[in-house]
DNA sequence: AGTTAACCGAGACGGTACGTCGTGTCTTAGT
DNA sequence: ACTAAGACACGACGTACCGTCTCGGTTAACT
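Protein chains in written order, with our numbering: chain A, 1 to 193; chain U, 1001 to 1193; chain P, 2001 to 2193; chain E, 3001 to 3193.
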């Protein structure tokens, strides 16, 4: 979206509109897949015209990205690996948020821009905060992130939901991975597309 | 797909047609996301009419499932955790196969039938073979499967591909998980949709 | 539209569909201006999908042309100037037909193709039949056509309709124009765009 | 358009703005049909905001009317039928003016107000001046007007332009019509909508 | 050898959504 | 009050795709 650098000419955008749209999108996606949801429907539910929607985002995909960011909210100041994983797991357990995430990771398979965007706006900040807290290598933190999110998403894809047990299992693995004792051979962590 | 229960009257189906369609689908999906591929396109590339395609599969989703099965091929008789994970990782590394898989897991978020299908045709047989080989609990094997597939898919979604290092990292975690020494508290593994 | 040169492959077009669409268009245009009529509306009234409409005509303008042809019907074998003018006047007096005609002449101001089309499919055949009947010069017949149609359309634009008196007045002028005694200096009649 | 009834409070309107807009409209309409021209475009070409445009005219149609009046200019004091027809023909030959006229006559098919407006502001004054000059019946003068304008507009619609020959032909007919010798049966001329 | 029933290619069709454009209204800041 | 700039609601356009259908024509097995 746009940075606000002083008042621009013309009628200013209504402040609440984007929020209403994003909320409408998340609510709809909780109950149906993104492909089956029409932008007309999102617009109607948000009490807004479809053109307004296209004025703020270039395409349906970009709206999906914004919906994810809106659903995730700001990163918390993590205090422990378990807490950090817990925050992540909590988001992934929410059906709406999870479906947006699944949709986006699916789309990112063939969209480098989307990939970069997901990395820089979601994974990188998260990994950075995790690494600050725990004196661990970036590679481990990155692996932990991919493992937690990936495993939980895939399990949900297999069973339809995520149980407390699932979260605990994944937490165990992640904690072990991040512990100083973990002796993963120093391999290059994934970074470049 | 239909069961072939003895010879039926009328002109039999051309043997190679299904294979050509499935191959065309995999090739196309290697370069573009499934949502952006039209069945007309698949049909054209396979040198076939769209009608033929709908005579063999009921919907685009079912064609995706068949494409995945065709791409995965038969399960190998695994001899070790590392080898089993390697076989899985090799499939996931192939872009065409991976994209079909991503598409299907994404679709399964909203489709219980598809979920059941993926479990019974992909995960269950794999887990069974893994468990036979290694005297481990089913829960651990299932977790290992979800972890390997999920983590690798998610990493590919973040970076665009899967490196040898990625496979090795995931193998390490899976191996540790499957080892008899692994002392995960006995929690129920996910199973019901 | 297309010539039918033997059976072509694929499902043949439903015979009555074009007629239903054209009739629906004429009925709608009798009550509202062409610009205010949506193709969705035409399609709905014809009991047809919008896509069918676009399969048969490339644009809204082309549909308007077809509607005019359909509304005019075949040229009659005219027996006298007065009868020929009468046939023309009768068409122009029908609100639906007249409005299609007005719309098309208005559009043709900036569309050479449309102009050519109107000339070759409407004016030329009419003038030819008129000239065959009466042993007159083409220039006079063409002028008579433009005069009858143009004057009546413009009078309708001024008053909202066409009276018997209008038709009679115009007939008088046209008859005089076509009479052998008419001594118009031999000027080139309009032809090239 | 609004009447200017003495100085009103606040900032007065910039004098040249309306003229610039009307000129821009005429220039644009010379090259494209009015339906294909957007008000945004007119505003941009006039170096003006769309708001300004809507402050001065209520709708696109009203702007078209104003554009026509601006393009026609004041009625001349006609001295002869031939001169009067010449003045009319000259206006109609100018593409910009002609297209505005065509647009308005086309619109008037469905708009009684517009019809009344065209009659009272264009045809009636013209016919009055014609009748004053020549001692002829109103019916004849009115018919002459409709015949000249209608025929020329329709010929332009058929061929894309108006030649000297066209004007001469129409003048001949009009002159004959207005001559005292003309023995049209006394029929009521069109007047009521 | 002829019949039969399914196969196949081709394309029409209904329906839904997309993304764009245009009109007319509105809401700001600035003159 | 006027102007510039642009957001907004609404509605239509023309396109793309899905899944169904209806043709003509083909191909094997069964009578």
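All C-beta atoms, glycine included, are put in the ideal place defined by N, C-alpha and C.
Predicted, not measured: the structure shown is a model, and the values here were computed from it.
- Message: Less than 7 Å between C-beta atoms, sequence neighbours within five positions excluded: which residues of the same chain meet that for residue 3046(E)?
- Response: Walking along the fourth chain from the start, residue 3046(E) turns up at place 46. Correct list, in chain order: 3020, 3021, 3024.
- Query: residue 7(A) to residue 3055(E), Cα distance in whole Å?
  - Reply: As a working mapping, residue 7(A) is identified with position 7 in the first chain. As a working mapping, residue 3055(E) is identified with position 55 in the fourth chain. Answer to the nearest angstrom: the Cα atoms are 25 Å apart.
- Item | Inter-residue spacing [alpha-carbon to alpha-carbon] between residue 3108(E) and residue 2127(P) | Numbered from 1 along the fourth chain, position 108 holds the residue referred to as residue 3108(E). Numbered from 1 along the third chain, position 127 holds the residue referred to as residue 2127(P). Approximately 28 Å, taken between the alpha carbons.
- Task: Rounded to whole angstroms, what's the CA-CA distance from residue 3149(E) to residue 3112(E)? Just pull it up for me.
- Result: Here residue 3149(E) corresponds to residue number 149 of the fourth chain, with the count starting at 1. Here residue 3112(E) corresponds to residue number 112 of the fourth chain, with the count starting at 1. About 20 Å.
- Query: How about the stretch 1135-1147 of chain U and the stretch 117-135 of chain A: do they share at least three Cβ pairs that are nearer than 8 Å?
  - Reply: no
- Query: Could you give the residue range of the alpha helix (DSSP H) that holds residue 2163(P)?
  - Reply: Looking up residue 2163(P) in the third chain gives position 163. Unbroken run through residue 2163(P): none, as it is neither H nor E.
- Task: Compare the C-alpha of residue 1014(U) against each of 1179(U), 1052(U), 1080(U), 1154(U) and name the closest.
- Result: As a first step, residue 1014(U) must be located in the second chain, where it is residue number 14. Residue 1052(U) is the option with its Cα nearest to residue 1014(U).
- Contacts that residue 3032(E) makes with chain P (C-beta to C-beta distance below 8 Å): In the fourth chain, counting from the first residue as 1, residue 3032(E) sits at position 32. Those are 2110, listed as they occur along chain P.
- Item | residue 3042(E) versus residue 3060(E): straight-line alpha-carbon distance, rounded | Indexing the fourth chain from 1 puts residue 3042(E) at position 42. Indexing the fourth chain from 1 puts residue 3060(E) at position 60. Rounded to the nearest angstrom, the two C-alpha atoms are 11 Å apart.
- May I ask you to report which of helix, strand or coil DSSP gives residue 1125(U)? As a working mapping, residue 1125(U) is identified with position 125 in the second chain. Residue 1125(U) falls in the helix class under three-state DSSP.
- Query: What are the start and end residues of the alpha helix (DSSP H) that includes residue 136(A)?
  - Reply: Translated into positions along the first chain, residue 136(A) becomes position 136. Where residue 136(A) is concerned, there is no enclosing alpha helix (DSSP H), given that its DSSP letter is neither H nor E.
- Message: If distances are taken between C-alpha atoms only, which option among 1095(U), 1170(U), 1130(U) comes closest to residue 1077(U)?
- Response: Position 77 of the second chain holds residue 1077(U). Of the candidates 1095(U), 1170(U), 1130(U), the one whose C-alpha sits nearest the C-alpha of residue 1077(U) is 1130(U).
- Message: Determine, for residue 3000(E), whether the minimum Cβ-Cβ distance to residues of chain P falls below 8 Å.
- Response: Chain E is shown only over 3001 to 3193; residue 3000(E) falls outside these bounds and no answer can be derived.
- Query: Closest Cβ-Cβ distance between residue 2169(P) and chain E: below 8 Å?
  - Reply: Taking the first residue of the third chain as 1, we reach residue 2169(P) at position 169. Contact with chain E is found for residue 2169(P), since one of that chain's Cβ atoms lies less than 8 Å from the residue's Cβ.
- Task: Keeping to the same chain, check which residues put their C-beta closer than 6 Å to that of residue 1003(U); ignore five residues upstream and five downstream.
- Result: The residue given as residue 1003(U) occupies position 3 in the second chain. At residue 1003(U) the pLDDT is 41, less than 50, meaning the model places this residue with poor confidence; the figure from the coordinates comes in the next sentence. Answer for residue 1003(U): no residue qualifies.
- Which of the three DSSP states, helix, strand or coil, is assigned to residue 192(A)? For the purposes of this step, residue 192(A) is identified with residue 192 of the first chain, where counting begins at 1. Legend: pLDDT at residue 192(A) = 43, less than 50; position of this residue unreliable, no value from coordinates given.
- Message: Looking at the secondary structure, which residues open and close the alpha helix (DSSP H) in which residue 1081(U) lies?
- Response: On the second chain, residue 1081(U) is found 81 positions in, with the first residue counted as 1. 1081-1093 is the span of the alpha helix (DSSP H), which, as asked, contains residue 1081(U).
- Contacting residues, own chain, Cβ-Cβ under 6 Å from residue 1151(U) (five flanking each side not counted): Here residue 1151(U) corresponds to residue number 151 of the second chain, with the count starting at 1. For residue 1151(U), same chain residues with a beta-carbon under 6 Å away, outside a window of 5 residues either side, are 1170 in chain order.
- Message: Tell me the DSSP secondary structure of residue 2014(P) in three-state form.
- Response: Reading the third chain from its first residue, position 14 is the one you call residue 2014(P). Looking at residue 2014(P) - three-state DSSP - the assignment turns out to be coil, as it is neither helix nor strand.
- Verify the CB distance criterion: does residue 1035(U) have a CB-CB separation below 8 Å to chain A? Along the second chain, read from residue 1 onward, the residue named residue 1035(U) stands at position 35. Interface residue, yes.
- Item | When 1164(U), 1161(U), 1119(U) are compared against residue 1143(U), the one with the closest alpha-carbon | One-based indexing of the second chain puts residue 1143(U) at position 143. The alpha carbon of residue 1143(U) has as its nearest neighbour, out of 1164(U), 1161(U), 1119(U), the alpha carbon of 1119(U).
- Delimiting residues of the alpha helix (DSSP H) encompassing residue 2062(P): Here residue 2062(P) corresponds to residue number 62 of the third chain, with the count starting at 1. Bounds of the alpha helix (DSSP H) holding residue 2062(P) are 2060-2072.
- From 3027(E), 3166(E), 3038(E), pick the residue whose C-alpha is nearest to that of residue 3067(E); which is it? Your numbering for residue 3067(E) matches position 67 in the fourth chain. Considering only alpha carbons, the answer is 3027(E).
- Count the other CB atoms, across all protein chains shown, that sit within 10 Å of the CB of residue 1192(U); report buried if there are 16 or more and exposed otherwise. Numbered from its first residue, the second chain carries residue 1192(U) at position 192. For residue 1192(U), the pLDDT reaches just 43, beneath the cut-off of 50, and the residue's location in the model is therefore unreliable, although a value from the coordinates is still provided. Classification of residue 1192(U): exposed, given that the 10 Å Cβ count is below 16.
- Message: Taking 8 Å as the cut-off, does the stretch 157-168 of chain A touch the stretch 1161-1168 of chain U (at least 3 CB pairs, one atom from each stretch)?
- Response: no
- Going straight from the alpha carbon of residue 2001(P) to that of residue 2096(P), what length do you get? As a working mapping, residue 2001(P) is identified with position 1 in the third chain. As a working mapping, residue 2096(P) is identified with position 96 in the third chain. Any answer about residue 2001(P) is weak, because its pLDDT of 43 lies below 50 and its placement is not dependable; what the coordinates show is given next. If you take the alpha carbons of residue 2001(P) and residue 2096(P), they lie about 22 Å apart.
- Query: Which residues of chain P have a Cβ atom closer than 9 Å to the Cβ of residue 3097(E), listed in chain order?
  - Reply: Mapped onto the fourth chain, residue 3097(E) falls at position 97. Near residue 3097(E) there are no residues of chain P at all, since even the closest Cβ is about 12 Å away, more than 9 Å.
- Straight-line Cα distance separating residue 1063(U) from residue 1154(U): Residue numbering aside, residue 1154(U) sits at position 154 when the second chain is read from its first letter. Residue numbering aside, residue 1063(U) sits at position 63 when the second chain is read from its first letter. The alpha-carbon atoms of residue 1154(U) and residue 1063(U) are separated by roughly 24 Å.
- Message: If you reduce the DSSP assignment to three classes, tell me which class residue 1179(U) lands in.
- Response: Position 179 of the second chain, counted from the first residue, corresponds to residue 1179(U). Residue 1179(U) falls in the coil class under three-state DSSP.
- What's the C-alpha gap between residue 93(A) and residue 3033(E)? Here residue 93(A) is taken as the residue at index 93 of the first chain, counted from 1. Here residue 3033(E) is taken as the residue at index 33 of the fourth chain, counted from 1. Roughly 57 Å between the two C-alpha positions.
- Message: Counting only Cβ pairs nearer than 7 Å, list the residues of chain U close to residue 146(A).
- Response: Numbered from its first residue, the first chain carries residue 146(A) at position 146. Result: 1151, 1154, 1155, 1158.
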